[in-house]
Amino acid sequence: MGEDPWTFLRTLNQERIVLVVAVLIFGVAALGLPGFLTAANLIAIVRSIAVLGILALGMAVVIIGRGIDLSMVAVMAMSVAWYLQLLGDGMADQAALALVLGGVLAIGFMQGFLVAYADVPAIFVTLAGGSFVFGYVRSQLIPSDAVPVPDGHWVEVMGGLRYLGVPIEVYIFAALSGAVFLFLRFTKWGRYVFYAGDNPVAARNIGIPVRPMLVLRYVLSALTAFAAGLLTAASLHSINTRVVNSTLLYDIVLVAVIGGIGLSGGKGGVRNVLVGAALIGLMLNAMTIMDIPLLYQNLIKSTILLFAIIVDGLLNPRDEQTAQQGDI
Amino acid sequence: MAFSTRATNRRHSRATFEYHTINQKTQIEKGEDKDMKPMKAILMAAVMSVATFAALPASAQDPGPAAYAKALSGKRILMVPMAMGFDLAQGWAAILKREVGAFGGVFETRDPNWSVEAGAQALTEAISSDQKPDVLIVMSPDLNSYSKLLKRAQKAGIYVLLIDNPANFNADAYLGSDWTELGRLEAEAVVKGCGENSSKKIGLVQGDEVNATSLFQYAGIMDVLSKHPDFEVVAKPDSNWDATTSRNVTTTMLQQHPDICGIIDFWDGDATGASAAIRDAGKQDQVFLVTTGGGEKTADCDKIEDGTYGAVVMTELAQESYNMVTIIKYLLQSGQPAGTSSPYIYTLLRATTKADLRPDSCWDLKALQAMAN
Chain D
0 MGEDPWTFLR TLNQERIVLV VAVLIFGVAA LGLPGFLTAA NLIAIVRSIA VLGILALGMA
60 VVIIGRGIDL SMVAVMAMSV AWYLQLLGDG MADQAALALV LGGVLAIGFM QGFLVAYADV
120 PAIFVTLAGG SFVFGYVRSQ LIPSDAVPVP DGHWVEVMGG LRYLGVPIEV YIFAALSGAV
180 FLFLRFTKWG RYVFYAGDNP VAARNIGIPV RPMLVLRYVL SALTAFAAGL LTAASLHSIN
240 TRVVNSTLLY DIVLVAVIGG IGLSGGKGGV RNVLVGAALI GLMLNAMTIM DIPLLYQNLI
300 KSTILLFAII VDGLLNPRDE QTAQQGDI
Chain U
0 MAFSTRATNR RHSRATFEYH TINQKTQIEK GEDKDMKPMK AILMAAVMSV ATFAALPASA
60 QDPGPAAYAK ALSGKRILMV PMAMGFDLAQ GWAAILKREV GAFGGVFETR DPNWSVEAGA
120 QALTEAISSD QKPDVLIVMS PDLNSYSKLL KRAQKAGIYV LLIDNPANFN ADAYLGSDWT
180 ELGRLEAEAV VKGCGENSSK KIGLVQGDEV NATSLFQYAG IMDVLSKHPD FEVVAKPDSN
240 WDATTSRNVT TTMLQQHPDI CGIIDFWDGD ATGASAAIRD AGKQDQVFLV TTGGGEKTAD
300 CDKIEDGTYG AVVMTELAQE SYNMVTIIKY LLQSGQPAGT SSPYIYTLLR ATTKADLRPD
360 SCWDLKALQA MAN
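Top line first, the protein sequences correspond to chains D and U.
Per numbering that gives the first Met the number 0, residue 0 is the first one in the first sequence, and the count goes up by one each step.
Per numbering that gives the first Met the number 0, residue 0 is the first one in the second sequence, and the count goes up by one each step.
Structure, rendered in structure tokens:
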């Protein structure tokens with residue numbers, strides 16, 4: 000008691016603000032919306048944001064290292080579309096998987112290389128990279144937007160898997176969250192991500208392999224995108240490359256940023272992604288239950304994003320020295 | 000086939016000419032017998048038969064092919080659908096390519112890949128290019144975006160055909176579905192699919208709030224449901240034409256209203272999401288899913304067959320494409336300025352269920368593309 004109220008406000012960083020908002024929405028929805036507070040609905044909420052959350056995990060690692068990967072949705076959709084197309088054309092599963100994995104690794108590596116060694120800003124590299132991946136795969140490798148999963152293929156089987164009534168996506172999201180958490184928190188290279196993101200020059204001066212690690216992050220985000228794509232195809236029994244034109248990419252950035260991962264790098268973690276994903280999942284679910292039209296949903300979503308960014312700007316002002324370089 | 004018919008016609012008309020000539024001669028002979036104006040009669044007959052015979056080769060030549068070729072050959076037909084990557088657009092393009100090539104025209108497509116801006120840019124370029132297209136075939140992404148551009152195209156003398164998606168613009172023809180009627184057929188299918196002893200609760204997965212196809216479909220559905228007041232729409236979220244969104248909203252819908260008996264998803268492109276949600280909820284036998292699509296085999300018929308969709312309201316793609324061909328041929332020969340009239344050429348719609356599924360209910364994209372190449 001007797002504390003300066005300003006000090007209390009200072010402890011309210013963006014993550015906590017978002018958490019409070021999420022809890023509020025949860026409380027109001029639980030009281031006001033019939034059928035919201037049921038096990039099935041809560042599972043559905045987690046499931047609905049599992050793929051988004053997985054993508055946001057990959058994005059988070061890149062953003063913490065002071066980068067951004069705008070090619071994630073393209074890599075996600077096109078790698079899986081290509082994979083399914085190869086299977087549809089009769090290629091053996093292992094060969095197709097190996098080929099596509101090779102492609103995914105190559106695109107991640109290329110993008111990382113351009114950012115790390117050619118010093119091209121990440122936002123341009125990945126924007127162009129995403130367009131390239133989409134354009135190349137769509138024009139050269141697959142004949143139409145939607146590619147179905149072959150009957151009885153393991154991807155289709157995976158989509159139907161349940162354990163204790165909970166879909167597989169939820170477990171995979173949880174497992175990947177745990178893995179990224181362990182990587183960022185307890186491994187040497189994980190800690191390096193923060194150092195490199197906070198101050199790349201200083202990190203390099205103390206001997207951290209800043210550039211190889213940069214490449215690694217883009218490879219990781221490409222792999223994450225491939226995994227998210229497989230889960231999408233598992234659930235829908237097909238993949239539609241139209242998703243590249245959707246707002247999914249912005250939603251990924253939204254989840255990461257709204258949870259409190261600063262775009263200037265060096266800050267945040269898995270917890271922020273989970274908080275951001277929870278808010279988005281709860282919001283979308285509640286708005287769907289209330290039958291709010293899509294246009295308003297987008298308005299509400301974007302207003303909250305703007306709010307979070309403004310709050311972030313006020314509470315975590317950018318450091319003048321580090322904000323100069325490599326900023327996006 | 001067409002050639003031999005034409006040849007027979009020509010032979011037939013020549014025979015008629017000969018018949019007339021013989022008749023005239025007979026009359027002349029009779030006249031010679033009766034009165035005494037032989038010279039005049041012979042002269043007349045001679046003049047007539049000379050005229051007839053002189054005219055014969057020219058008349059026997061069908062003026063059609065020359066006029067047809069003059070009006071059509073080298074004409075540029077440009078199609079700008081919302082994207083080239085989905086079944087309907089690929090089906091149209093396959094048939095148009097073959098047909099336009101057959102009359103000596105040039106058929107091109109642009110792929111805006113679902114981007115309104117890219118489509119607008121393609122249209123702007125087409126209108127202002129040196130080699131203007133003679134006919135623009137446009138699938139409008141919404142009611143208004145392209146209206147001004149298309150008016151400009153007509154002013155530049157380009158015939159504009161609107162396909163599949165209506166817009167606020169007087170096109171030289173609209174070819175595609177009557178979306179209100181399509182909605183009615185969907186609603187009738189879902190009412191029938193639910194049956195009298197069901198919960199009579201229906202969910203809609205709409206597309207968006209700007210596309211005419213979504214708006215008119217909704218109006219048609221509501222029109223039919225107003226005649227079945229015991230049926231109730233319990234939820235009507237939008238999918239934004241995205242399968243994952245469709246799955247998420249359908250999951251929520253099924254949880255909120257576990258006794259739903261039927262769902263109408265506004266497009267087969269995203270109905271895979273709604274069907275996934277139904278499958279996940281284990282309600283395939285309880286929920287009758289109705290959607291609409293271009294009638295492509297893997298997208299529609301295969302899924303009616305395996306029970307994923309209860310009914311699909313399908314467009315007759317081939318008929319729709321040939322309607323386009325007919326209108327193009329008509330307009331290019333009509334000589335009328337662009338924008339003279341704006342007829343609606345609706346394609347026949349049918350709600351197909353497993354019971355009335357026939358081998359020819361759908362068309363096969365792969366086969367069609369193989370044929371066009």
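C-beta atoms are modelled at their ideal positions from N, C-alpha and C, and glycine is treated no differently.
**OP:** Take every Cβ of the stretch 17-29 of chain D, pair it with every Cβ of the stretch 147-165 of chain D, and state whether three or more of those distances are shorter than 8 Å.
**Re:** no
Original post:
Does residue 182(U) get closer than 7 Å to chain D when you measure Cβ to Cβ?
Top reply: Chain D has no Cβ within less than 7 Å of the Cβ of residue 182(U).
Subject >> Selected residue, minimal CA-CA separation from residue 314(U), among 261(U), 91(U) and 239(U) >> reply: 91(U)
Subject >> Host alpha helix (DSSP H) of residue 146(D) (start-end) >> reply: No alpha helix (DSSP H) holds residue 146(D); the beta strand (DSSP E) holding it covers 145-147.
Subject >> Best match in 168(U), 261(U) and 271(U) for proximity to residue 240(U) [C-alpha to C-alpha] >> reply: 271(U)
Original post:
Where does the unbroken beta strand (DSSP E) through residue 346(U) begin, and where does it stop?
Top reply: Taken as a continuous stretch (DSSP letters only), residue 346(U) belongs to no beta strand (DSSP E), as it is neither H nor E.
Original post:
What does residue 82(U) touch in chain D if you count any residue whose Cβ is under 9 Å from its own?
Top reply: Chain D residues near residue 82(U): 144, 241 and 244.
Subject >> Test item: CB-CB of residue 274(D) and residue 258(D) under 7 Å >> reply: yes
Subject >> Which listed residue (243(D), 266(D) and 91(D)) has its alpha carbon closest to that of residue 192(D) >> reply: 266(D)
Subject >> DSSP-derived helix/strand/coil call for residue 162(D) >> reply: strand
**OP:** For residue 113(U), return the contacting residues in chain D, with the cut-off set at a CB-CB distance below 8 Å.
**Re:** 241 and 244
**OP:** Rounded to whole angstroms, what's the CA-CA distance from residue 30(U) to residue 59(U)? Just pull it up for me.
**Re:** Caution applies to residue 30(U), whose pLDDT of 45 falls short of 50 and renders its modelled position unreliable; the value that the coordinates give is listed next. So the two alpha carbons sit approximately 30 Å from each other.
Original post:
In whole angstroms, what is the alpha-carbon distance linking residue 156(U) and residue 299(D)?
Top reply: Taking the straight line from one Cα to the other gives about 45 Å.
Original post:
Using 7 Å as the limit for Cβ to Cβ distance, is residue 85(U) near chain D?
Top reply: Residue 85(U) counts as touching chain D.
Original post:
Among all the DSSP beta bridges, which residues are the ones paired with residue 205(U)?
Top reply: 237(U)
Subject >> Continuous alpha helix (DSSP H) stretch holding residue 250(U): start and end >> reply: 242-255
**OP:** Report the rounded CA-to-CA distance for residue 89(D) versus residue 365(U), giving the unit in angstroms.
**Re:** 16 Å
Subject >> residue 106(D) beta carbon less than 7 Å from that of residue 72(D) >> reply: no
**OP:** Answer with yes or no whether the minimum CB distance from residue 43(D) to chain U is below 7 Å.
**Re:** yes
**OP:** Take every Cβ of the stretch 207-220 of chain U, pair it with every Cβ of the stretch 133-149 of chain U, and state whether three or more of those distances are shorter than 8 Å.
**Re:** yes
**OP:** Could you check the C-alpha separation between residue 103(D) and residue 172(U) for me, to the nearest Å?
**Re:** 46 Å
Original post:
Can you name the residues of chain D whose CB is closer than 7 Å to the CB of residue 237(U)?
Top reply: 292 and 293
Original post:
Could you give the distance in angstroms between the alpha-carbon of residue 360(U) and the alpha-carbon of residue 181(U)?
Top reply: 17 Å
**OP:** For residue 261(U), write down the residues that DSSP places opposite it in a beta bridge.
**Re:** 201(U) and 287(U)
Subject >> Boundaries (first-last residue) of the alpha helix (DSSP H) holding residue 174(D) >> reply: Taken as a continuous stretch (DSSP letters only), the alpha helix (DSSP H) holding residue 174(D) covers 167-185.
**OP:** In the DSSP assignment, find the unbroken alpha helix (DSSP H) run with residue 357(U) in it and report its ends.
**Re:** Per DSSP, residue 357(U) belongs to no alpha helix (DSSP H) and is neither H nor E.
Original post:
Should residue 208(U) be flagged as near chain D, meaning a C-beta pair shorter than 7 Å?
Top reply: Judged by the 7 Å Cβ criterion, residue 208(U) is in contact with chain D.
**OP:** Compare the C-beta of residue 39(D) against all C-beta atoms of chain U and say whether one is closer than 7 Å.
**Re:** yes
**OP:** Could you tell me which chain U residues have their CB closer than 7 Å to the CB of residue 231(D), listed as they occur along the chain?
**Re:** 243
Original post:
Three-state secondary structure (DSSP) at residue 295(U)?
Top reply: strand
Original post:
Terminal residues of the continuous beta strand (DSSP E) containing residue 151(D)?
Top reply: Residue 151(D) -> no beta strand (DSSP E), and no H or E assigned at all.
**OP:** Would you tell me roughly how many angstroms separate the C-alpha atoms of residue 369(U) and residue 95(D), rounded to the nearest one?
**Re:** 25 Å
Original post:
Got a sec: is the Cβ-Cβ distance from residue 248(U) to anything in chain D below 7 Å?
Top reply: yes
**OP:** Could you tell me how far apart the beta carbons of residue 389(U) and residue 265(U) are, in whole angstroms, since I believe they sit closer than 8 Å?
**Re:** Any answer about residue 389(U) is impossible in this case: the structure gives chain U only from 0 up to 372.
**OP:** Report the three-state DSSP secondary structure of residue 311(U) (helix, strand or coil).
**Re:** Three-state DSSP puts residue 311(U) in a strand.
Original post:
Between the stretch 155-172 of chain D and the stretch 35-43 of chain D, do at least 3 Cβ pairs fall closer than 8 Å?
Top reply: yes
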